[in-house]
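Take a look at the structure below.
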Amino acid sequence: MNWINHLAILAAEEGGHVEITAGDGGFWGDTAWIMLVTPFIAFLAILAVGKRLKHHGGEIAVAALAINLVWATALFVLNMTEGVLDTTNTIEIANIGSGIVFELGWMLDGLSIMMYFLVNFVGLLVFIYALGYMHGDVRVHWFFAAFSLFAGAMLVLVGAPNLIQLIIGWEGVGLASYFLIGFYWEDIANVKAGNKAFMTNKVADVGLILGAILVGISIGHFDFRHLNEAAVAQDPALAAVAVAGGALLFFGAMGKSAQFPLHIWLPDAMAGPTPVSALMHAATMVTAGVFLMARMFPLYQNFLEDSVRPWMVAIGAITLFAIGLLALVADDIKKVLAYSTVSQLGYMMTAVAAGGYTAGLFHLFTHAFFKALLFLGAGSVIHAVHSNNMSDMGGLRKFMPKTFWTFVIGSAALAGIFPLSGFWSKDEILATLNYEGYVLVMWIAIAGAFVTAFYMTRTVALTFFGTYKGHGHPHESPRIMTAPLIGLAIPSVLFGLVNIPGVEIPGVSNFTTWLGVSVVGLGDHHAESIDITLAIIGSVAAILGLVAGWMIWGKDRDTQQERDWFRLPGLYPLLRRKYYVDDVADGLVGVTMGPMAQFVNWTNTYVFDGIVNAVGGATKWLGGVVYNGLDQRGVDGVFNGLSAAADSAGSSLRKMQTGKVQQYASGFVAGVLILVVLFVFVI
Amino acid sequence: MEWFETWGLTVTVFLPVLGALLLGFIKKDNEDALKRTALAITVLAFIASTVVVANFDFGGGTYNTYQFEVNETWIGAINANYHVGIDGISLPLLVLSTFVMVLAVIYSWNHWEEPKNPKAFLILMLILATGMNGTFVALDLVLFFIFFEIVLLPMYFMIGIWGDKSLRQVPGFSKPFETRLYASIKFFLFTLFGSAFMLLGFLALYFESGNLGDERTFDITQLTELGASGAFAGWSVAGWVFAAMFLGFAVKVPMFPLHTWLPDAHTAAPTVGSVLLAAILLKLGSYGFIRISLPILPEEAQVWAPWIAILAVIGIIYGSLACLAQTDMKRLIAFSSVGHMGFVMLGIATLTDIGINAAVIGMVAHGLITGLLFFLAGSMSHRYHTREMARLGGNIKLMPVIGGILAFTAMASLGLPGLAGFWGEFMSLVAAYNPLEGLSLGVFRTGMVLGAIGTVLTAGYMLWMLQRVNLGEPNPEWEGHDFHDADKFELTAWVPLIILIVVIGFYPKVIFDTTTDAVTSMVDMVFGGDSTTASISTTVKGG
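Protein chains in written order, with my numbering: chain A, 1 to 683; chain B, 1 to 543.
Below is the structure:
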């Protein structure tokens, strides 16, 4: 019996009614592993021959994802029209004893298929964009190699049938992220940004690894199917470790999905080339944490509703609001988008944590398109003005109309303006929070919607309106870059429609259904029909933000640089210093690791080595005493051997080669004989 | 093939030392002939070991049954026999040993350190090979001891003659020592100190076995049988015997606080010496625990296990912190071994099949990865004539291939999942969560958490090393230097390691198919089953 059927029956027993058909995707399902392999082939091929190609291997990277997108689309359509797929294919890679087996493979279910589509679709467009963006840059082949490595690792992650493969993909994307954040490694600041990302995530990974061990060992299986079945069946072994395991896994998710206070790496990650930020640090990789929470949803749903989940919701709420505020004071357009990403990840995490499986994933889905769009738009602007700072921009709508219009669409979608995709997904989150009784958090989320609209209006105004304040003559980016912008603008507008509550498109199952209807039976209480009141409140908040933003930054177009009046005393420095979280983290690492390392090194030299050297010195001295005092005969076993050794430290090599070793050997043998004699008599 | 079934291991073990004799007849200045002969010999030894693999019966048998077994009377007076054989635990280590030796010879081809003398160096390497291979197949304590000790002398000379010639001030001594002398003597005496106790332990087992059975024996299989049946359980000095052997093995591993010979020896040794030290010599100690201490004195092992685990975890944290304080790249890599071997020992201390499996794959992975790191460090200091990280930087710009491989290997070393180093670390944490029934859960689970934190520190110092050595702009002092990137000998030695690191990373089955049966049946036989089996049998009904 497969998982979905199993869950469906359980749901039916609880009075729910669920209609599902599970399939295996036929040809496309059987060959879906190709998606997990092509990027790695591309990686190796680019390293091997990339330098010699016209686009330095970019064409290989694009080809790999284009192939992948065929499979991803086919599966996406099959899943939507022919019923939910639910299969897992694995091969065993290790049997480590005690019945524990490690496997690699690929999973086909609503969640993984959504992610395959997302990664490959957004990935392909970003890769194409990068062909233009990276043109003429240094090490372009390495860029595309690492980018392909990332795509492969991400697909390994989202296709993972078990925690082990998930961990492999998880750290794989972390590695690619490290490479690409530090892509311009001549500047040590970029290297440090890469290190910060890697290390922050590594800290979080302690949670992932330990959490995986706890839940995996408790039932003897690391695969999601068994874990989720055990969770549904309220397995006592799993129940015993659920709180600790769930909390630890969440801690892991906090790292990748940049939840407060482990978000600190993400803004710094903007040191990488902009396409990297678009794909990895906005659309896909950072969703891994939310993905994990969704993957393990039954664990949280069945065991942790009252223990771990409220904390998760709280952290998500802090993240979505507090970090969103930071976007208000940033001058670097990529930093604005980075803070915005953290904030949106907070929305997703809050939703999934509150029990809104569909709501969280829906937002993950829509956000990927419009946030990638915004980053690529920002990249297009940066490409034109050669600066990341909005104080060097302004008035660009005249020079870059395509970039401008697509950026506006992305901003409106992010701000949740009706009827763009962000509106639907954010509304669903609000509805979920309301339904689950997190009313306060719901209001925070509404306030967050205001802030989002506010800072996006600021960004659009500062970048595209007023007069140009930079140098040179900015011009629109080449078509290879604007085409992906349009390619992302379309789903940013339309993809909200796939999940309008209560609206069914004939022949197409709606988002909730194909995402894994089973989980609905577990209490994913998403709205059955649109909650008009909340939709209106949310929209009002967004529009208020928009208007307020426009009043501050839009009207005063020519003196936009003079924003001092906005610098509220108290709040402004707090925001500029990013709530001091980075300072505290840096300080903590600084005051602990450095001195500890020095202390250990000191102990090693002066205590442990000191003892060794003292023993050596003392033995040498004793050897001298024995030699001079008792002549060479007598007690010349161990001590002589040892002292000879210590003595030779000062002498030349020639001596060493001519017989000293025989001396040690004889000393050693004599010593052992003495000890043997003692030993035999003592016993 | 029947002949090989009997004498295959003997060939693998003694071929190198015969080769060393052969080299003795070749003129000192005929470098080519010397190198070719040495290469031929090590390749033959490697082929012999692969033939052993090819004819190995992977289905198993129970623990304490060996394949390719030879048992001939050797020193009748003390009932010491020439008893060799191999099982799933020792097979990967034997192959690792013969394999790395081939790479070491290839690398040596054009990397002779002062005072050169390829003949002497190659002869020492071949003697070393016999010692290492022999240790992994010996099934008689006297034989084991001899092989274990044979290893010492060549390594001592390698460090002492070809090692680091800089002067070094040792605290408490007025005169500075030559680093190579200090390091070689420290290495020798430290190991000897441990070995002396180890031998005492062996002798005690020998005498006690006479009290139990009809004949005193050094035979590991017979002693294992006695041990597993609980014959040594009531022995009043069993704890002391375990402790004595512990000292011998722990020095070799090395375990905190007996590790201080390691950074000095590794740093001072010539490149090939460091590689062999890290790749294989350290494993002799951890292998000794698995092969001798655990099965023969299982009750004592259970008493000592928490202490071993504590020392192992201290080693992980301590070694990693020490790395963060290093300024010398090679010394940093050397210290990293303390941490990595800590994971191996933590695995062993759990006394479970998963833990011992973790230890074996951890040993293999550490051999490949740290071996490669030392190769790289050697090649770099060969070019820069310094190992001071403060003077390096931007290496990947000056030498993209070496820099790239260094980045790869550093990632492997920090335990990146998907590369070989991950499994040993991860599985020893898995094992520490559920150690053998009766062992302190508090100790082991604390160890698991600290070990996991250790992986963060490992990542920290590896990234830090990359930052200082590989990235950033090159130090202006190298301007105008024409560094040649990796040459064909270096690549020939390194690429196989890289491939293996990836293959084992993605398909660890290549190791576990060999080890799991042996390890599981060992734990069943010696410790009466594994604690995790019990908890897993209560698993949910399958899907």
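We put the CB at the ideal spot given by N, CA and C, even for glycine.
Just so it is clear, the structure is predicted and the values come from calculations on it, not from any experiment.
T327/B and V460/A have their C-alpha atoms some 49 Å from each other.
By the Cβ rule, the stretch 315-332 of chain B does not count as touching the stretch 488-501 of chain B, because fewer than three pairs are nearer than 8 Å. Contact between I310/B and V443/B holds, since their C-beta atoms are separated by about 7 Å, short of 8 Å.
Annotation for G346/A: G316, T319 and L320 place their beta carbon closer than 6 Å to its own, counting only its chain and skipping 5 residues before and after.
By the Cβ rule, the stretch 41-54 of chain A does not count as touching the stretch 81-97 of chain A, because fewer than three pairs are nearer than 8 Å. Around the beta carbon of H226/A, a 10 Å sphere encloses 16 or more other beta carbons of the protein chains shown; the residue is thus reported as buried.
When DSSP reads this structure, T88/A sits in a beta bridge with M107/A. One finds nothing in chain A with a Cβ atom closer than 8 Å to the Cβ of M399/B; even the nearest lies about 14 Å away.
Taking a cut-off of 8 Å for Cβ pairs, the stretch 472-487 of chain B and the stretch 355-371 of chain B do not touch, as fewer than three such pairs fall below it.
Assigned with DSSP and collapsed to three states, E186/A falls in coil, not helix or strand.
C-alpha of M132/B to C-alpha of F14/B: approximately 11 Å in a straight line. Contact between the stretch 469-479 of chain A and the stretch 115-128 of chain A is not established, with fewer than three Cβ pairs separated by less than 8 Å.
Considering only G211/A, N228/A and A176/A, the residue with the shortest C-alpha distance to H281/A is A176/A. With fewer than 16 other Cβ atoms inside 10 Å of its own Cβ, W602/A counts as exposed.
Residue-level contact check: L321/B touches chain A, since one or more beta carbons of chain A fall below 8 Å from its beta carbon. Residues of the same chain with a CB within less than 7 Å of the CB of F375/B, apart from the 5 flanking positions on each side, are Y107, T271, V275, A493 and W494 in chain order. Within chain A, the residues E186 have their CB atoms less than 7 Å from the CB of E473/B, given in chain order. Annotated as distal: T130/B and F148/B, with beta-carbon spacing of 8 Å or more. In this structure the stretch 130-140 of chain A does not lie against the stretch 95-110 of chain A, because fewer than three pairs of beta carbons, one per stretch, are closer than 8 Å. According to the DSSP assignment, W304/B belongs to no beta strand (DSSP E) but to the alpha helix (DSSP H) extending over P298 to L324. When Cβ pairs closer than 8 Å are counted between the two stretches, the stretch 275-286 of chain B is seen not to touch the stretch 208-222 of chain B, the count staying below three. A Cβ-Cβ distance of about 5 Å is found for the pair A20/B and I123/B, placing them in contact under the 8 Å criterion. Taking C-beta atoms as the reference points, M155/B and L199/B fail to come closer than 8 Å. For A461/A, the enclosing alpha helix (DSSP H) covers residues V439 to F464. In this structure the stretch 163-182 of chain A lies against the stretch 139-153 of chain A, because at least three pairs of beta carbons, one per stretch, are closer than 8 Å. G315/B and M341/B do touch by the CB rule: their CB atoms are close to 7 Å apart, below 8 Å. Looking only at T274/A, W443/A, L588/A and S343/A, the smallest Cα-Cα distance to A378/A is reached by T274/A. For N389/A, DSSP records a beta bridge to D332/A.
When the Cα atoms are used, L457/B and A244/B turn out to be separated by approximately 32 Å. Taking the CA atoms as reference points, A196/B sits about 12 Å from V241/B.
Using a Cβ-Cβ cut-off of 8 Å, L324/B counts as an interface residue toward chain A, since at least one Cβ of chain A sits closer than that to its own. The C-alpha of M312/A lies about 31 Å from the C-alpha of L36/A. At a cut-off of 8 Å between beta carbons, I75/B makes no contact with chain A.
Here H83/B is buried: its Cβ has 16 or more other Cβ atoms, across all protein chains shown, within 10 Å.
Shown in chain order are the members of the stretch 479-512 of chain B whose Cβ falls below 9 Å from a Cβ of chain A: G505, F506, Y507, P508, K509, I511 and F512.
With a 10 Å radius around the Cβ and a threshold of 16 neighbouring Cβ atoms, L167/B comes out exposed.
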